[in-house]
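Novice: In the numbering used here, the protein residues as written are 18 to 399.
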């Protein structure tokens, strides 16, 4: 499931009398609706850290996550000649769990989570919701392909361009705010440098990051730009032109990387946007993940989604007869964590996308000093 794509995930729950996680001891039958025809094989590396670790351990999937975990432990900034100019250890972005935290390919995380629920969940692949009508007792759902059905609760976890959010709360432009950045990612599927470092090359307002991803590198193109008029997040040709125009200077290894962009049929591209809603639920319909609140440039989206889904399931299990109260408790408990992470995007932008050459120089100096300053802080605390 990719960061920011419409139709990424949607869960509907029908209560059942004697069995059960929302498809487990809480006693819900769960249907997951996925726009894609099957599991996706690509996707950026993402982190499972902080509160998501406890959830993964309870699910029994941490051993599998460690098997597919990336060995990357640092970001390295290079100049146009490929020379290292600064670096920063990734442990500086850990949430306090240290070596328990893992970075894994998004596709592997999705596959492991799917396997964990495969025998307890109904999956509708290649489908999407087209209508939602609710009353005090349930929600009537219509689909593009499947027959209509009625559910006790509908949860939209369908990303930045959420269909559930649009059908329930209104048009996307009311809740999605462009942050002045775009990102494109592309699997290179070939070795690229040291397998323990992410290599980042900057020009003012531009960054190309290459993650080794265990021998199957992934390139990310990030750039500052005002919102594109009439932007279509499904227009692949437009996305390729925007990336090529943004990185047309031809420095570093951009020519070969742009050749791959032009030839790609699986380029991911989207605005980096913030999603802000005054509330995450309406009646028996709720939102979680990026559909409810997006913006993270350091992989926290997956961690927040896992932690949020667990809290949501727990609250629904506590009061299955009062869905609205459960959704309100979930939001009250989870929103403070999400709000704190949403504020961090300015730091991430300054770190990854300095707007000027002097900004790049300041960032590089800070990156060189940061490990020593962090060590000094720890020794004083001790």
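The beta-carbon is built from N, C-alpha and C at its ideal position, and this holds for glycine as well. Since we're looking at a predicted model, the values are computed, not measured.
Going by the beta-carbon positions, is the gap between residue 156 and residue 138 smaller than 8 Å?
Specialist: Going by C-beta atoms, residue 156 is not nearer than 8 Å to residue 138.
Novice: Once the 5 residues before and after residue 117 are set aside, which same chain residues still bring their CB inside 7 Å of it?
Specialist: So the list reads 70, once near-sequence residues are dropped.
Novice: For residue 306, write down the residues that DSSP places opposite it in a beta bridge.
Specialist: BP columns for residue 306 are empty, so no partner.
Novice: Hey, could you find the ends of the alpha helix (DSSP H) residue 400 is sitting in?
Specialist: Since the first residue of the chain shown is 18 and the last is 399, residue 400 is not available in this structure.
Novice: Give me the residue from 65, 243, 273 and 53 with the minimum Cα distance to residue 175.
Specialist: Residue 175 has its Cα closest to that of 53, out of 65, 243, 273 and 53.
Novice: Residue 290 and residue 311 look like a contact to me (Cβ under 8 Å); what is the Cβ gap, rounded to whole Å?
Specialist: Their Cβ separation, rounded to whole angstroms, is 6 Å, which keeps residue 290 and residue 311 in contact under 8 Å.
Novice: When DSSP builds the beta bridges, which residues end up paired with residue 289?
Specialist: Note: residue 289 sits in a beta bridge opposite 198.
Novice: Quick check on residue 50: buried or exposed, where buried means 16 or more other Cβ atoms within 10 Å of its Cβ?
Specialist: It counts as buried.
Novice: According to the neighbour-count rule (16 or more other Cβ atoms, all chains shown, within 10 Å of its Cβ), is residue 256 buried or exposed?
Specialist: Buried, because 16 or more other Cβ atoms sit within 10 Å of the Cβ of residue 256.
Novice: What would DSSP say about residue 205, mapped onto helix, strand or coil?
Specialist: Coil, per DSSP.
Novice: Within the region 222-279, note down every full alpha helix (DSSP H) run reaching 4 residues or more, in order along the chain.
Specialist: If we require 4 residues or more, the alpha helix (DSSP H) runs fully inside the region 222-279 come out as 253-263.
Novice: Helix or strand or just coil, what does DSSP make of residue 192?
Specialist: In this structure, residue 192 counts as coil in the three-state DSSP scheme.
Novice: Taking the alpha-carbon of residue 190 as reference, which of 233, 246 and 147 has the nearest alpha-carbon?
Specialist: For the residues 233, 246 and 147, the minimum Cα distance to residue 190 belongs to 246.
Novice: Suppose only complete runs of 3+ residues qualify. What are the beta strand (DSSP E) ranges in the region 124-159, listed by chain order?
Specialist: Fully enclosed beta strand (DSSP E) runs of 3 or longer: 138-142 and 146-152.
Novice: Any idea which residues DSSP pairs residue 218 with across the strands?
Specialist: According to DSSP, which records beta bridges pairwise, residue 218 is partnered with 95 and 225.
Novice: Tell me the residue span of the beta strand (DSSP E) that contains residue 337.
Specialist: First-last for residue 337: undefined, no H or E at that position.
Novice: Taking residue 82 as the reference, which of 185, 130, 252 and 347 has the closest Cα?
Specialist: Measuring from the Cα of residue 82, the nearest candidate turns out to be 130.
Novice: Identify which residue in 63, 148 and 154 has its Cα closest to the Cα of residue 124.
Specialist: The shortest C-alpha separation from residue 124 is found at 63.
Novice: Please report the distance separating the alpha-carbon of residue 346 from that of residue 195.
Specialist: Residue 346 and residue 195: Cα-Cα distance of roughly 29 Å.
Novice: Work out the CA separation of residue 99 and residue 280 for me, nearest whole Å.
Specialist: Each residue's Cα considered, the two are about 24 Å apart.
Novice: Taking C-beta to C-beta, are residue 303 and residue 275 nearer than 8 Å?
Specialist: No. Outside cutoff.
Novice: Under the DSSP definition of a beta bridge, which residues are partnered with residue 165?
Specialist: None; residue 165 has no bridge partner.
Novice: If you compare alpha carbons, which of 218, 146 and 181 is closest to residue 94?
Specialist: That would be 218, whose Cα lies nearest to the Cα of residue 94.
Novice: State whether the region 332-339 contacts the region 199-206, with contact taken as three or more CB pairs (one from each stretch) at a distance under 8 Å.
Specialist: Judged by Cβ distances under 8 Å, the region 332-339 makes no contact with the region 199-206, as fewer than three pairs qualify.
Novice: In chain order, what residues of the same chain lie with their CB nearer than 8 Å to the CB of residue 296, ignoring the 5 residues before and after it?
Specialist: These residues qualify, in order along the chain: 348.
Novice: Quick one: what does DSSP say residue 68 is sitting in, helix, strand or coil?
Specialist: Of the three classes helix, strand and coil, the one that applies to residue 68 here is helix, per DSSP.
Novice: Which residues mark the beginning and the end of the beta strand (DSSP E) in which residue 182 is found?
Specialist: No beta strand (DSSP E) holds residue 182; the alpha helix (DSSP H) holding it covers 180-186.
Novice: Please classify residue 223 as buried or exposed, where buried requires at least 16 other C-beta atoms within 10 Å of its C-beta.
Specialist: Answer is buried; the Cβ neighbour count reaches 16.
Novice: Any idea what DSSP makes of residue 299, helix, strand or coil?
Specialist: It is a strand residue.
Novice: So residue 226 packs on residue 237, CB below 8 Å; how close in whole Å?
Specialist: Right, their Cβ atoms sit about 5 Å apart.
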